[in-house]
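Note sheet for the following structure.
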Amino acid sequence: MKARFESLGAYLPPKKMSMKDRIAQMKNTPSFDLQHITGIQEIRIADGIKEDSYTMALAAAKDALSRSKYKAEDLDCIIVGSITRFINGEQRQLMFEPALSHSIKFALGRVYYHDRGDRCT
Numbered sequence: 022m023k024a025r026f027e028s029l030g031a032y033l034p035p036k037k038m039s040m041k042d043r044i045a046q047m048k049n050t051p052s053f054d055l056q057h058i059t060g061i062q063e064i065r066i067a068d069g070i071k072e073d074s075y076t077m078a079l080a081a082a083k084d085a086l087s088r089s090k091y092k093a094e095d096l097d098c099i100i101v102g103s104i105t106r107f108i109n110g111e112q113r114q115l116m117f118e119p120a121l122s123h124s125i126k127f128a129l130g131r132v133y134y135h136d137r138g139d140r141c142t
């Protein structure tokens with residue numbers, strides 16, 4: 022069996038912040054140049070009321086499907102790699118079950134899913 026990526030999708034929250042501004046907000050700032058070491062100049066910040074792990078992952082999946090010749094029901098498997106589990110927007114519930122891939126599976130259609138929530142991704 023050969024696997025390949027036929028399309029990719031992404032979702033980036035619209036709110037942006039410079040890494041310098043983010044470092045300035047830290048309680049304990051690093052003693053080294055974090056921006057220089059990581060190369061990250063700008064970060065995206067999720068709106069905790071409208072955006073959470075589930076809504077952002079689902080938006081990325083829908084974006085991938087919009088670029089694909091396949092439909093959700095054609096998918097063999099959904100694999101999610103994430104250590105975040107926040108759902109329910111404003112309430113910020115930390116959820117471990119059901120797995121994030123399981124929730125996305127039901128939103129897109131009944132396909133096989135595999136969650137790699139135990140790995141730092």
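Start counting at 1 in the sequence shown, then tack on 21, and there's your number in this note's numbering.
Note that the Cβ used here is the ideal one computed from N, Cα and C, for glycine as well.
If you're wondering where the values come from, they're calculated on a predicted model, not measured in any experiment.
Sequence-distant residues of the same chain with beta carbon closer than 7 Å to residue i, five excluded per side
i   : result
D84 : G30, A31 and Y32
R65 : L33, P34, K36 and K37
Beta-carbon proximity of residue i to residue j, cut-off 8 Å
i    : j    : result
K92  : E63  : no
S4   : S89  : This structure gives no information on residue 4, because the portion of the chain shown stretches from 22 to 142.
S122 : V101 : yes
Y73  : A81  : Note on identity: in this sequence residue 73 is Asp, with Tyr being the wrong assignment. Going by C-beta atoms, D73 is not nearer than 8 Å to A81.
A78  : S103 : yes
Q56  : K71  : no
Whole-angstrom C-beta distance between residue j and residue i, which should lie under 8 Å
i   : j   : result
T50 : I58 : Incorrect: roughly 14 Å between the Cβ atoms, too far for contact.
DSSP beta-bridge partners of residue i
i   : result
S39 : E63
Subject >> Residue ranges of each beta strand (DSSP E) within the stretch 56-111, 3 or longer >> reply: The qualifying runs are 63-66 and 98-101.
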